[in-house]
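Since the structure comes first, as structure tokens, the remarks are kept for the end.
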Amino acid sequence: DAKTTQPPSMDCAEGRAANLPCNHSTISGNEYVYWYRQIHSQGPQYIIHGLKNNETNEMASLIITEDRKSSTLILPHATLRDTAVYYCIVRVAGYGGSQGNLIFGKGTKLSVKP
Amino acid sequence: EPEVTQTPSHQVTQMGQEVILRCVPISNHLYFYWYRQILGQKVEFLVSFYNNEISEKSEIFDDQFSVERPDGSNFTLKIRSTKLEDSAMYFCASRPLAGGFTDTQYFGPGTRLTVL
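Take a look at the structure:
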């Protein structure tokens, strides 16, 4: 089972920041927090990941609490094309032979409205 | 930007028939995966493949399923005798050799399998 808890749905106004929360209270010290999204029935798309420091890339920012028990994905200026299901996943980063298959939960369905 | 490709985009088959779903992972990637998503349900892990052998498989991946890397570019999922409940989207994913932060999995667009 997924080790994360996310709200089932959220709305966001176009142009505003979308803040998607995730709880992962049982996360282990060697587990990373990954975020993927799935637009309609397309393949999941990688967004960002982090271990304990906040991360930012061209798509989003990831804020991880100091105790690492929760995190927030921030889409700074949401557009209609950001409407998707967002998945928060914890997993061990693979080194050598470790495989680290992804365990998806139900995610958060983000609806960006005009 | 390199991407994972999958063919066909939609496959319709009769129950009991064999199907082969094809994937071309990103060229320098070494780990390969199959996932499936039944309509309206979660994305589920099926199998991972590394160094020409299965590394890990889920309970879903029973004897009816097999995977193969027949050449240097393709990665295939075969279902020997399809059942109605095999109807789903099947996603292939790949990732490079792990090291630092470079073990992100990249997914293909999926193959929609419909079993009649």
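Protein chains in written order, with the working numbering: chain A, 2 to 115; chain B, 38 to 153.
Positions of the beta carbon are idealized from the N, C-alpha and C atoms, including for glycine.
- request: Report buried or exposed for Gln-54 of chain B, applying the criterion of at least 16 other Cβ atoms within 10 angstroms of its Cβ.
  value: Here residue 54 of chain B is taken as the residue at index 17 of the second sequence, counted from 1. Counting Cβ neighbours within 10 Å, Gln-54 of chain B comes out exposed, since fewer than 16 surround it.
message: What would DSSP say about Asp-12 of chain A, mapped onto helix, strand or coil?
response: Translated into positions along the first sequence, residue 12 of chain A becomes position 11. Asp-12 of chain A: strand per DSSP, three-state reduction.
field: Of the residues B:Glu-93, B:Leu-83, B:Ile-57 and B:Glu-122, the one placed nearest Leu-76 of chain B, counting alpha carbons only
entry: The count along the second sequence starts at 1 and reaches residue 76 of chain B at position 39. Comparing Cα positions, the closest option is B:Glu-122.
task: Quickly, what does DSSP pair Ala-1 of chain A with across the bridge? List them, please.
output: The first residue shown for chain A is 2 and the last is 115, placing residue 1 of chain A beyond what the model contains.
- request: Could you list which residues in chain B have their beta carbon closer than 9 Å to that of Pro-8 of chain A, in chain order?
  value: In the first sequence, residue 8 of chain A corresponds to position 7, counting from 1. Here the premise fails: no neighbours, minimum Cβ distance about 16 Å.
query: Apart from the five residues on each side of it in sequence, which residues of its chain come closer than 8 Å, Cβ to Cβ, to Ser-72 of chain A?
result: Position 71 of the first sequence, counted from the first residue, corresponds to residue 72 of chain A. So the list reads Pro-22, Cys-23, His-25, Val-34, Gly-51, Leu-63, Ile-64, Ile-65, Thr-66 and Cys-89, once near-sequence residues are dropped.
message: Using only CA atoms, which one of B:Phe-112, B:Ser-85 and B:Phe-102 lies nearest to Ser-64 of chain B?
response: Taking the second sequence and counting its residues from 1, the one referred to as residue 64 of chain B is at position 27. Nearest of B:Phe-112, B:Ser-85 and B:Phe-102 to Ser-64 of chain B, Cα basis: B:Phe-112.
message: Taking its Cβ as the centre, do 16 or more other Cβ atoms sit within 10 Å of Arg-38 of chain A, making it buried, or is it exposed?
response: Here residue 38 of chain A is taken as the residue at index 37 of the first sequence, counted from 1. Classification of Arg-38 of chain A: buried, given that the 10 Å Cβ count is 16 or more.
- prompt: Where does Glu-122 of chain B sit, in a helix, a strand or coil, going by DSSP?
  reply: Residue 122 of chain B sits at position 85 when you count from the first residue of the second sequence. Note: Glu-122 of chain B maps to helix in three-state DSSP.
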